[in-house]
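Presented below is the structure to which this report refers.
Residue numbers (my numbering): 1492 to 1595.
Encoded structure:
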C-alpha cells in the first residue's frame, strides 16, 4: 500500500535512522533511505518532495542493499520502523475495495 510522505516525514525518518544506525555515516543513511523509498538519490527525493508530498511504498531490500554495497549492515525491519515513526497524520493510498465500489 502506498503512503504519502513529505519532507517533514523524511526528517523524522532520518532522526529514527540516526538513532537505530549510529555507526552508519549520515550520507549513507539518507541515500539508503531514498533508495528504500523509491528514489535514485537523496537529491532526487528532496527535489521531488520540495514541490509536493509524494506516494511511496517502502522497500526494505533496496534500503539494505544500498547499505551493504557501502559495507554497512542494518537489521531487518530498520526502514519499516523508521517509516512508521511519522505515521500520525499520514495519508494512505489504496485501491478501493470491491465492497466500497459496489462490485461485490
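Note that the Cβ used here is the ideal one computed from N, Cα and C, for glycine as well.
Owing to the predicted nature of the structure, the values given are computational and were not obtained by experimental measurement.
**Request:** Work out the CA separation of residue 1559 and residue 1522 for me, nearest whole Å.
**Result:** Going by the C-alpha atoms only, they are around 12 Å apart.
**Message:** According to DSSP, residue 1545 sits in a beta bridge with which residue or residues?
**Reply:** The partner list for residue 1545 (beta bridge, DSSP) reads 1496.
**Asked** Just how far apart, CA to CA, sit residue 1541 and residue 1576?
**Response** Distance between the alpha carbons of residue 1541 and residue 1576 is about 20 Å.
**Message:** Can you find the residues in the same chain that come closer than 6 Å, C-beta to C-beta, to residue 1547, ignoring five residues on each side of it along the sequence?
**Reply:** In its chain, beyond the 5 residues on either side, 1496, 1528, 1529 have a beta carbon closer than 6 Å to the beta carbon of residue 1547.
**Request:** Kindly list the residues whose CB is nearer than 6 Å to the CB of residue 1508, restricted to its own chain and excluding five residues on each side of it in sequence; keep chain order.
**Result:** Leaving aside the five residues that flank residue 1508 on each side, the residues in its chain whose CB is nearer than 6 Å to its CB run, in chain order, 1520, 1573.
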